[in-house]
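Chemist: Here it is, the structure, as structure tokens.
Numbering (the working numbering), first residue to last: 5 to 1181.
Rendered as structure tokens:
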């Protein structure tokens, strides 16, 4: 059954007694609210076997949501449902999304916890019942399979409550449904001619090229393949219009967008991703990637070079019109030929009759139409849409007209024009406007502008979509096939005087040469209605004084710079220009050169005005009728002194004035109509007052940050969600702020406040607050504040000079994710601080009075303790080793030079343990929910020698050191360490330097490059990192380079070291980390499965050795072995306490950074042996 013929979007499998009245009912409601057709079984009385109707409902669904709850396994009905669901996944590619509701993946996977007891009963019931025993085995296998599918965990720290989990699930379902049947496949028949062949190609080849002429259906075929198969891969990405997107945004942006989709995390231009990293990611997983419409060889070379390392189970499909471009980049090229007559008739009939065959009396007419379309799918769709619901009397003259045109590529254009010709005059104008100015724009934006042009835009857009002239993406972007866009260009050119080649006779201009000709030579005429020009495409542009005078019908003027590019055009212009047309609806001119808009200026029909980075001092003089104006963008117009009177702007919603440094007031008229939604005034340094006597209801975002002269601020709104008052002159915060019930982000950084209103504690929606550099912040003020901020996620308290201590009730901020205390005067953290279980990021940099650091929360990803010049003692960082979920941990103690020797030893030892834990998880644990992100750890500490735990080391005194180690067969990664010492050249190069690691194979080939920036290192420091799984080899080169990779003498490398991590360390590690029994069991089971016979031989070897060592009497071995690890830990703690008590003198740095090792070899292995003896393994 094809995806398009499914009856239901979603089938929900759930245990009624657990979730019917709660989670599942809310989930069902949320799905239905989004118009997602959902099947839910409301039968309260169930037996053991699922009925035929239910089985059909499962098979007739595109997606199955399986809600695993505590009692799911107690229902044989649920377990049989799961078998059917997984059968549909295997046979029909059904998407399965598990939801773990108040139960863990390990419980489901291994049938432990609440899943253990039901299966114990099933096993008893299966005695002497072979058939049922097989069924139980199938249930176990099904649960294990389902638990390994990426899904949603209600107990995740990401979610505050069930509603957030449900919101994420609905969003995920929506995106997957959008991938299954995008608009390109709407009403499309299956083409057996290409479908079966491309299916066979997918089975045989990893890289497939799809080649053919425009409109022949390359994208459609790729979409069909993607929609059918994407769910079978670990990650999938369909990149549309690649060549066009690269032209707009550049190849690096598209490459990062592709990697972001594949890695399921945002990759930005600042991220340095080396080839080895990409190779490791791409080679180890199953990807389905489509690069659509690539016709530039250099672009394809760039993208394919990143995809060279795709594994054999991945699939890459590239579509394009240039066969030579595809050659050498794919394993096979499939030529998309024209459709045969039978399938062409079916596709045409779907458009013309909404069925796959002609209506009675239309067969011969349909055959004539299909014959002319020539088997081109785009022509068939457009032609079919044109004839929909038309009488035979309409068909006859239309077909005769087409048949007289002849058949050729131009004939296809004539076919496409048939649908255009069938539009009304106004619909034609809308189509041309979209083709020239609004392709790939948001639907609501296009609707607003076209409505202002007098069109019924909503209705017209629907008509254009029905006529197959545009498509609307799932995220409401208006799209258009490039053949249809080219047709629009041709239509506009043909509309001018047939004997003239002058561009000014065109109604719309976008060709660079034509635009330059018209603007330079004052060729404007009343025919010109719109101009669009990319200012990054040409070096200079001449604008004549009378250029716009004659363009009396000009509606759109857009001289813009794409987001990813910079203006490269020098505009030559007269001091005075004649006025623009009074028909303007949209005006955009980046870096507009004049002091004001040409006088007289009429804004009566204007909807949006964009003049960013302009030389404008004022827009216009006097009052204007602004009945349509909705957006004004004058950002970075540094000479703007005053806004015009905007009291007539009845629809004004967005006012962007960021960086207008000369603006000294915003007239109250701006707020007179209460329509404003967003007000951006950040960086308006001369603005002194911002008030409104009206209580506003629409305003949602206000940003006045950096308005250093602003003293008086009085705006209130029921709808405020974001408020940024940072670095202004405001001193009094009104109590009304507590009534902003929708506020989620508040920035008060740098305010010289005299008060913190107690009403702030009632802001239940607040998730982010910045109180940095506010001297009003004290322990008592925070204690009163924290009690009510139950939703707070981000808290900034940087440079708060009067903050000497955090209140004990800080643990009431149970959702806190990031805390910045850098530069404050806190002396220590309260013991309750360790209870912040969701805290990930902690900054304590430049806390000059911090003397000791107690135990940190367990899930910290970033710990920054730099320049803490009074810090002497650190209790333990061991908790960091327990939380490994595919995160990179940053631990930094730069320039913290007073740390005592025990603390230095403890920090180093705990960080090495954390790095081993990262290697353990990278090697053993399969990330069901978190994808394949690898754990990494980076660490800085003052010191002048590599820690003693590093067996392989080399000493040097230059900017480069190489170290060789013997070949290692059972290592699973390396910890790198290097001692960095600043030289006299450091001041010359600042912070633009990095440590670079190169890793060579035994044959001398470069296998791996990694780099880490060097910042704020002013004395000898030890840097350690574990960042990647290892590559086979035995030579390492460490160097200090600039960002281009050239050696640099600003820092000297005194020593480097390599610490191999071995499989054999993992049993020890599992015990040292003191994990709970269920998790230890699962880790050990995963370990056993991963290491196979070698691990069991290791255990057996340990068994004999441990018995020989400890079991003298044969009776007490278990007791002694069971206590050994606890005794070892007690010995370590006692030794450390003694060392701390006896350590009364400062040690030199060389002594401080020599770390004592803790031998825990036999204890952890005995722990695993105890698990075995008790039958836990």
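We treat Cβ as the ideally placed atom computed from N, Cα and C, and that holds for glycine.
Does the beta carbon of residue 454 fall short of 6 Å from some heavy atom of the ligand FAD?
Modeler: In terms of ligand content, the structure shown is empty, and the ligand FAD therefore cannot be addressed.
Chemist: Straight-line CA distance for residue 394 to residue 355?
Modeler: Rounded to whole angstroms, residue 394 to residue 355 spans 12 Å at the Cα level.
Chemist: So, under 8 Å CB-CB, residue 348 and residue 384 are touching, yes? Tell me the CB distance rounded to an integer number of Å.
Modeler: Indeed, because the Cβ distance is near 6 Å, the residues count as touching under 8 Å.
Chemist: So, does the segment 112-129 touch the segment 77-84, judging by three or more C-beta pairs under 8 Å?
Modeler: With a cut-off of 8 Å, the segment 77-84 and the segment 112-129 count as touching, because enough Cβ pairs lie within range.
Chemist: Residue 468 lies in the alpha helix (DSSP H); which residues open and close that run?
Modeler: First-last of the alpha helix (DSSP H) with residue 468: 461-470.
Chemist: Report back the beta-carbon spacing between residue 1040 and residue 1003 to the nearest angstrom; my notes put them in contact at under 8 Å.
Modeler: Residue 1040 to residue 1003, Cβ: 6 Å. Contact.
Chemist: Determine the contact status of residue 2 and residue 641, defining contact as a CB-CB distance below 7 Å.
Modeler: Lying outside 5 to 1181, the shown extent of the chain, residue 2 is not represented and no answer is given.
Chemist: Find out if the Cβ-Cβ distance for the pair residue 299, residue 326 is shorter than 7 Å.
Modeler: Against a cut-off of 7 Å, the Cβ pair of residue 326 and residue 299 comes out as a contact.
Chemist: To the nearest angstrom, how far is it from the Cα of residue 1126 to the Cα of residue 72?
Modeler: Bear in mind that the predicted position of residue 1126 carries a pLDDT of just 31, short of 50, making it too unreliable to give a figure here.
Chemist: Thinking C-beta only, is residue 853 closer than 7 Å to residue 826?
Modeler: Not in contact: residue 826 and residue 853 (Cβ atoms no closer than 7 Å).
Chemist: With a threshold of 16 other CB atoms inside 10 Å of the CB of residue 1042, please say whether the residue is buried or exposed.
Modeler: Buried, since its Cβ has 16 or more Cβ neighbours within 10 Å.
Chemist: Less than 7 Å between the beta carbons of residue 647 and residue 679, yes or no?
Modeler: Contact flag unset, no.
Chemist: In this structure, how does DSSP classify residue 552 when only helix, strand and coil are distinguished?
Modeler: In the structure shown, residue 552 sits in coil (DSSP, three-state: anything other than H, G, I, E or B).
Chemist: When burial is assigned at 16 or more other CB atoms within 10 Å of the CB, is residue 10 buried or exposed?
Modeler: Buried, by the Cβ-count rule.
Chemist: Below 6 Å CB to CB, which residues in the same chain sit around residue 1017 once its five sequence neighbours on both sides are set aside?
Modeler: Answer for residue 1017: 998, listed in chain order.
Chemist: Measuring only the C-alpha atoms, how far is residue 431 from residue 39?
Modeler: Using only the alpha carbons, I get a separation of about 29 Å.
Chemist: Just the Cα atoms here: how many angstroms apart are residue 1058 and residue 835?
Modeler: The alpha-carbon atoms of residue 1058 and residue 835 are separated by roughly 39 Å.
Chemist: Nearest by alpha-carbon distance to residue 1068: which of 770, 514, 927, 796 is it?
Modeler: Answer by Cα proximity: 927.
Chemist: Taking DSSP as the reference, what is the three-state secondary structure of residue 312?
Modeler: If DSSP states are grouped into helix, strand and coil, residue 312 belongs with coil.
Chemist: When DSSP builds the beta bridges, which residues end up paired with residue 1028?
Modeler: According to DSSP, residue 1028 bridges with 943, 981.
Chemist: In terms of DSSP beta bridges, what is residue 1065 paired with?
Modeler: Bridge partners of residue 1065: 977.
Chemist: Would you kindly check if the distance between the Cβ of residue 597 and the Cβ of residue 577 is under 7 Å?
Modeler: A contact, by the Cβ cut-off of 7 Å.
Chemist: Where in the segment 516-543 do unbroken runs of the beta strand (DSSP E), each at least 3 residues long, occur, reported from the N-terminal end onward?
Modeler: As far as the segment 516-543 is concerned, its whole beta strand (DSSP E) runs of at least 3 residues are 534-538.
Chemist: From residue 93 to residue 618, what does the alpha carbon distance come to, in whole angstroms?
Modeler: One C-alpha to the other measures close to 57 Å.
Chemist: Just to check my reading of the structure: residue 373 and residue 387 have Cβ atoms closer than 8 Å, yes? What is that Cβ distance to the nearest angstrom?
Modeler: With a Cβ gap of about 6 Å, residue 373 and residue 387 count as contacting.
Chemist: Within 10 Å of its beta-carbon, does residue 906 have 16 or more other beta-carbons around it, so buried, or fewer, so exposed?
Modeler: The residue in question, residue 906, is buried, as its Cβ has 16 or more Cβ neighbours within 10 Å.
Chemist: Rounded to whole angstroms, what's the CA-CA distance from residue 95 to residue 155? Just pull it up for me.
Modeler: Spanning the two alpha carbons is a distance of roughly 21 Å.
Chemist: Over what stretch of residues does the alpha helix (DSSP H) that includes residue 81 continue unbroken?
Modeler: Unbroken alpha helix (DSSP H) run through residue 81: 80-96.
Chemist: Count the other CB atoms within 10 Å of the CB of residue 732; is the residue buried (16 or more) or exposed (fewer)?
Modeler: Buried.
Chemist: Would residue 684 pass as a contact of residue 662 if the rule is Cβ separation under 7 Å?
Modeler: Yes.
Chemist: In whole angstroms, what is the alpha-carbon distance linking residue 777 and residue 806?
Modeler: Looking at the two C-alpha atoms, the distance is approximately 10 Å.
Chemist: With DSSP run on the structure shown, which of helix, strand or coil describes residue 100?
Modeler: Of the three classes helix, strand and coil, the one that applies to residue 100 here is strand, per DSSP.
Chemist: Between the alpha carbons of residue 14 and residue 98, how many angstroms are there, rounded?
Modeler: Answer to the nearest angstrom: the Cα atoms are 10 Å apart.
Chemist: Using only CA atoms, which one of 862, 981, 168 lies nearest to residue 795?
Modeler: Of the listed residues, the one whose Cα sits closest to residue 795 is 168.
Chemist: At what residues does the beta strand (DSSP E) containing residue 1 begin and finish?
Modeler: As displayed, the chain neither begins before 5 nor continues past 1181, which places residue 1 out of reach and without an answer.
Chemist: Tell me whether residue 754 is buried or exposed, calling it buried when 16 or more other Cβ atoms sit within 10 Å of its Cβ.
Modeler: Label assigned to residue 754: buried.
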